[in-house]
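Asks: One structure, as structure tokens, below. Some questions next.
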Amino acid sequence: MPEMPEVETVRRTLRPLVVGKTIDHVDIWYDKVITGDPETFKRELKGKTFTAVDRYAKFLLFRLGDLTVVSHLRMEGKYHLTTWDAPVDKHEHLQFAFTDGSSLRYADVRKFGRLQLVETGTEFQVTGLKNLGVEANSPEFSLDYFEKGLKKRSMNIKSLLMSQTLVAGLGNIYVDEVLWQSQINPLTPANELTKDQVKCLHSAINETIEEATKYGGTTVHSFLNAEGESGHYQEKLKVYGKEGQPCPRCGEDFVKIKISGRGTTYCLHCQKRV
DNA sequence: ATAATTGTTCGGCG
DNA sequence: GCGCCGAACAATTA
105 MPEMPEVETV RRTLRPLVVG KTIDHVDIWY DKVITGDPET FKRELKGKTF
155 TAVDRYAKFL LFRLGDLTVV SHLRMEGKYH LTTWDAPVDK HEHLQFAFTD
205 GSSLRYADVR KFGRLQLVET GTEFQVTGLK NLGVEANSPE FSLDYFEKGL
255 KKRSMNIKSL LMSQTLVAGL GNIYVDEVLW QSQINPLTPA NELTKDQVKC
305 LHSAINETIE EATKYGGTTV HSFLNAEGES GHYQEKLKVY GKEGQPCPRC
355 GEDFVKIKIS GRGTTYCLHC QKRV
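Numbering (the numbering used here), first residue to last: 105 to 378.
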């Protein structure tokens with residue numbers, strides 16, 4: 105699923121495809137893909153030019169001068185460039201039709217992703233961005249910030265990292281990876297982690313996000329960047345999707361359990377509660 | 001055919 | 001009002 109390294113990969117591949125292009129009109133084939141009024145979305149964006157593509161955590165921020173389109177891919181959202189008149193696939197829900205005849209399309213098999221139009225500068229007031237923690241692998245994500253935040257929470261560490269409220273950007277894949285790397289049991293209450301564990305987890309988070317971004321993200325189900333290419337970090341995964349296979353550290357078979365309704369793979373031997 | 005999957009939002013409980 | 005949990009969303013795959 106697109107987590108921060110995947111969304112950053114999308115941002116990088118998307119930028120050269122859209123910056124400088126002017127919208128002739130917007131077509132929306134599935135109204136619910138827009139948070140807010142679809143007609144307003146179409147009307148306001150007509151004639152606007154893409155000036156930049158930014159990102160915060162897993163949110164893409166398309167800049168069009170005074171306007172910003174906040175886009176979240178959720179599980180399966182994808183962007184690709186085509187032409188206005190290309191046949192519309194049943195999973196394509198929207199297109200920005202450019203004045204040069206090309207078109208940026210949004211496709212989403214699960215229909216969970218959303219786009220929202222806001223005034224530039226107000227994007228951090230929208231639901232989702234408003235209550236986000238600091239970004240993983242950013243200067244704000246200091247060891248001190250992380251340590252203090254963890255102390256205040258009794259939630260298990262897996263669910264807390266998934267919640268985005270303390271540190272934003274990780275999803276199910278990278279949470280399982282960083283907990284394995286730092287040998288932490290996913291059910292450990294956040295405030296019971298030792299100082300050493302916190303330090304180890306902090307480094308694991310930053311290193312994993314950085315490395316996965318370098319590899320163009322992880323393609324396990326269907327992730328593709330805006331150029332239609334897969335990521336390569338799946339070759340580096342140690343735990344995610346490996347239930348029943350031996351742990352590379354101790355050789356014991358990985359187990360899979362559910363935590364807050366989410367599949368969680370870990371090693372019973374290496375990731376014991378302390 | 002039924003369950004599992006999965007990121008985020010929302011409603012409800014203490 | 002906050003922390004926390006579970007259901008809901010949608011469509012496909014096992």
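The beta carbon of each residue, even a glycine, is placed where N, CA and C say it ideally should be.
Helix, strand or coil for Y344 per DSSP?
Replies: coil
Asks: Check whether the stretch 246 to 261 and the stretch 343 to 355 are in contact - that is, three or more C-beta pairs closer than 8 angstroms.
Replies: In short, these stretches do not touch, since the Cβ pair count stays below three.
Asks: For T203, I'd like the list of residues in its chain whose CB is within less than 6 angstroms of its CB, leaving aside the five on either flank, ordered along the chain.
Replies: T126 and D128
Asks: Considering Cα atoms alone, identify which of A156, N235 and K252 is closest to A294.
Replies: K252
Asks: What are the partner residues of D357, as DSSP defines its beta bridges?
Replies: P350
Asks: Do I309 and Y337 have their C-beta atoms within less than 9 angstroms of each other?
Replies: No; because the gap between Cβ atoms is not below 9 angstroms, this pair is not in contact.
Asks: Buried or exposed: where does Q220 fall if 16 or more other Cβ atoms within 10 Å of its Cβ makes it buried?
Replies: buried
Asks: Using 9 angstroms as the threshold, is the C-beta distance between D141 and L198 below it?
Replies: no
Asks: Just to confirm the assignment: which complete alpha helix (DSSP H) runs, minimum length 4, are found wholly within the stretch 201 to 234?
Replies: none
Asks: Check R178 in the structure and name its three-state DSSP category.
Replies: In the structure shown, R178 adopts coil according to DSSP, grouped into three states.
Asks: Return helix, strand or coil for T129, following the three-state DSSP convention.
Replies: For the record, residue 129 in the displayed sequence is His; it is not Thr. Looking at H129 - three-state DSSP - the assignment turns out to be strand.
Asks: So, using beta-carbon positions, are T292 and R377 closer together than 9 angstroms?
Replies: yes
Asks: Can you tell me where the beta strand (DSSP E) with R159 in it begins and where it stops?
Replies: A156 to Y160
Asks: Leaving aside the five residues before and after S267 along the sequence, list all residues of the same chain whose C-beta is less than 8 angstroms from its C-beta, in chain order.
Replies: M259
Asks: Buried or exposed for N235, going by 16 or more other Cβ atoms inside 10 Å?
Replies: N235 should be labelled exposed.
Asks: Look at the alpha carbon of L341 and the alpha carbon of E281, and state the distance between them as a whole number of angstroms.
Replies: 7 angstroms
Asks: Excluding the 5 residues flanking G205 on each side, which residues of the same chain have their C-beta closer than 7 angstroms to its C-beta?
Replies: By the criterion of a C-beta distance shorter than 7 angstroms, G205 is surrounded in its chain by T187 and W188, once the five residues flanking it on both sides are discounted.
Asks: Nearest-angstrom Cα distance between R218 and T139?
Replies: 6 angstroms
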